[in-house]
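Have a look at the structure below before the remarks.
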Amino acid sequence: MNISPKTLRLYAVSDRSWLKENESLKDILPLLFENGVTLFQLREKHLAREAFVREALEVKEVCRRYGIPLIINDAVDIAKEIGADGVHVGLSDMSVQKAREFLGADVIIGASAHNVAEALAAQEAGADYIGCGAVFCTSTKTDVTTLALSELSAICSAVRIPAVAIGGITAENLPRLNGCGIAGAAIVSALFAQNDPAAAARQLRALADQLSQTK
241 MNISPKTLRL YAVSDRSWLK ENESLKDILP LLFENGVTLF QLREKHLARE AFVREALEVK
301 EVCRRYGIPL IINDAVDIAK EIGADGVHVG LSDMSVQKAR EFLGADVIIG ASAHNVAEAL
361 AAQEAGADYI GCGAVFCTST KTDVTTLALS ELSAICSAVR IPAVAIGGIT AENLPRLNGC
421 GIAGAAIVSA LFAQNDPAAA ARQLRALADQ LSQTK
């Protein structure tokens, strides 16, 4: 396993639609990293490849400065090209096994799972962690159904690798995940859509730290 549960505690996933005018990810990331974010995923579904690579290199520099691992969503080739710490693949993306063969043994690979069978398959294929969701209703993805907390708990109990919850998580509903067995929470709008992202990160980190106290 190439990632510790503690590193998954507060997992920021980018969404450029929330950036303010003339604001870039490299502007906001220091605020998040200085206030509790432990892992960052660059998620860009609509950028042209050249622009994606350019942005990935920019945020990689910030991540390195703060010692925060950089995960690239889906784009396994770009992750390898820029030397990212890892990649996250969904069920419709490159398989975990092929990503592992392409990236090597030491790169972090996360995989999405919506039930125990998918989680076990990802673990067997070589994933380092599981992303489970959507645990709450979310505007980030409109084509997913919510994952019952009982199924989230079952996934965490079934796998040896850490699992992180994602989807519609806010400071208000994060405590509902206590006792499910997750290592942390992956957050999008509750970080990037806030007027004060530093304060949001501090609050979410405090809540996420409580997750390890219950299982």
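If you read the sequence shown in this note's numbering, its first letter stands for residue 241, the second for the next number, and so on. Every residue gets a Cβ at the ideal spot worked out from N, C-alpha and C, and that includes glycine. These numbers were taken from a predicted model, which means no experiment stands behind them.
For Leu451 against Asn418, the beta-carbon gap comes to about 6 Å, under 8 Å, which counts as contact.
Within the same chain, Cβ atoms closer than 6 Å to the Cβ of Asp314 are found at Asp333, the five residues on either side in sequence being excluded. Rounded to whole angstroms, the separation of the alpha carbons of Gly421 and His286 is 33 Å.
For Ser352, DSSP records a beta bridge to Gly371.
Beta bridge pairing from DSSP links Tyr251 with Leu279, Ala426.
In the structure shown, Val347 adopts coil according to DSSP, grouped into three states. The beta carbons of Phe432 and Asp267 sit no closer together than 9 Å. Counting only residues of its own chain and dropping the five nearest sequence neighbours on each side, Gln363 has a CB closer than 8 Å to the CB of Ile370, Val399, Arg400, Ile401. Under DSSP, Ala405 takes part in a beta bridge, and its partners are Cys372, Ala425. One thing to note: Leu414 has its Cβ within 9 Å of the Cβ of Ala448.
Counting along the chain, Leu272 sits inside the alpha helix (DSSP H) bounded by residues 265–273.
Around Ser335, the same chain offers Val329, Ala365 as residues with beta carbons nearer than 8 Å, after the five sequence neighbours per side are excluded. Residue state for Leu417 is assigned as helix, using DSSP reduced to three classes.
In this chain, the beta strand (DSSP E) harbouring Val329 covers 326–329. In this structure Asn435 is exposed. Its beta-carbon is surrounded by fewer than 16 other beta-carbon atoms within 10 angstroms.
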